[in-house]
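Per full-length UniProt numbering, the sequence shown starts with residue 1, numbered consecutively.
Following: one structure in structure tokens, then a few remarks.
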Amino acid sequence: MTVDSAARYRPSRSPADGSRGGGSPLDNARFADTNDQDLLAQHVAGEPDAFGELVRRHRDRLWAVALRTLGDREEAADAVQDALISAFRAAHTFRGQSAVTTWLHRITINACLDRARKAASRKTSPVDDADRLDQLLEPHESAEAPAERQDLHRELLAALARLPAEQRAALVLVDMQGYPVAEAARILDVPTGTVKSRCARGRARLVPMLAHLRGDAGDSGGFAAGRNRTQAPSVPPAAGPRDAGVNDPAAAKGGGGRS
């Protein structure tokens, strides 16, 4: 995989055979017993298909985080594309102090936050809520989920889209994707206390917007206080995160500004 092919990566337009960026099934089988860190090392050493296999393994989770953070398919696709190009070029800076998935998520989140900040500075007109929510709802959710569940999703995502980008990113990771606070902190490259405070502030802002969906609307501390305790409607999380080690300072070079 070259940097040009990484630049052409568009997660919202994946081929049905699942071969996007990851080579043929034979290529994928060749890497079946290779862990992420070894794949990244092989990429740095010149193996042409190693980075594509990393993309194949992690693209769905990166895409889900980007889409729910930015609320727009094109912006999310561009953010993931930016992140993959950065990761492709910065692979030699990875020192193994975190899991590769943590490193990739950090770069992706930073790319999303960069785009969100630039959009805010341009003060462009917001996307119509209905259009934005149609983009946020995944195809399988829109086609198969019961009508009531879709309505709850729409209201939750509409409220989430009104939060500041940093709070939104923290809530997406912790409450929607199911990452532990410590892992979310490594991805965002901030202290765990910062993640907790961003989540708490975000939940507090969501409560009045979603109070009509709860029987006990006065409990501002209870909304999404963790995926196992929330009584509010939630979007089904993506596949659970993998284990990760301590923070890798080199990753910040690959994904834009700190959050």
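Glycine included, C-beta positions come from ideal geometry on N, C-alpha and C.
No experiment lies behind these values; they were computed from the predicted model shown.
Residue i classed as buried or exposed, judged by whether at least 16 other C-beta atoms fall within 10 angstroms
i	result
H212	exposed
D33	exposed
D72	buried
A120	exposed
D151	exposed
Beta-carbon gap between residue i and residue j smaller than 8 Å
i	j	result
L54	L67	no
A87	I109	no
E166	T102	no
V65	L157	no
A185	P191	yes
residue 260	A90	The structure shown does not extend to residue 260, since the chain is modelled only from 1 through 259, so no value can be given for it.
Where residue i falls: helix, strand or coil (DSSP)
i	result
G222	Any reading at G222 must be qualified, since the residue scores a pLDDT of 39, below 50, and its modelled position is unreliable; the value itself is stated next. If DSSP states are grouped into helix, strand and coil, G222 belongs with coil.
L156	helix
Q81	helix
S98	coil
A30	Per the sequence shown, the amino acid found at residue 30 is Arg instead of Ala. Helix.
N110	helix
P208	helix
R59	helix
A119	helix
D38	helix
R162	coil
G202	helix
D189	coil
E47	coil
D72	coil
Q177	coil
Supposed contact pair residue j and residue i - C-beta distance, whole angstroms, cut 8 Å
i	j	result
D82	A111	4 Å
L206	V195	That belief does not hold up - the Cβ atoms of L206 and V195 are roughly 16 Å apart, past 8 Å.
Cut-off 8 Å between Cβ atoms - residues of its own chain near residue i, not counting five sequence neighbours on either side
i	result
V163	According to the sequence shown, residue 163 is Leu rather than Val. Answer for L163: L171, G202, R205 and L206, listed in chain order.
Residues of its chain near residue i, where Cβ-Cβ distance is below 7 Å and the 5 sequence neighbours each way are ignored
i	result
E155	L210 and L213
E75	R115
residue 271	Residue 271 lies beyond the range of the chain shown here (1 to 259); nothing can be said about it.
Q37	G96 and V100
L70	A76, A79, C112, R115 and A116
R198	E166, Q167 and A170
V181	V174, T192, V195 and K196
A29	none
Own chain, CB closer than 6 Å to residue i, minus 5 neighbours either side, in chain order
i	result
A159	L206, M209 and L210
A50	L39, Q42 and H43
F31	E53
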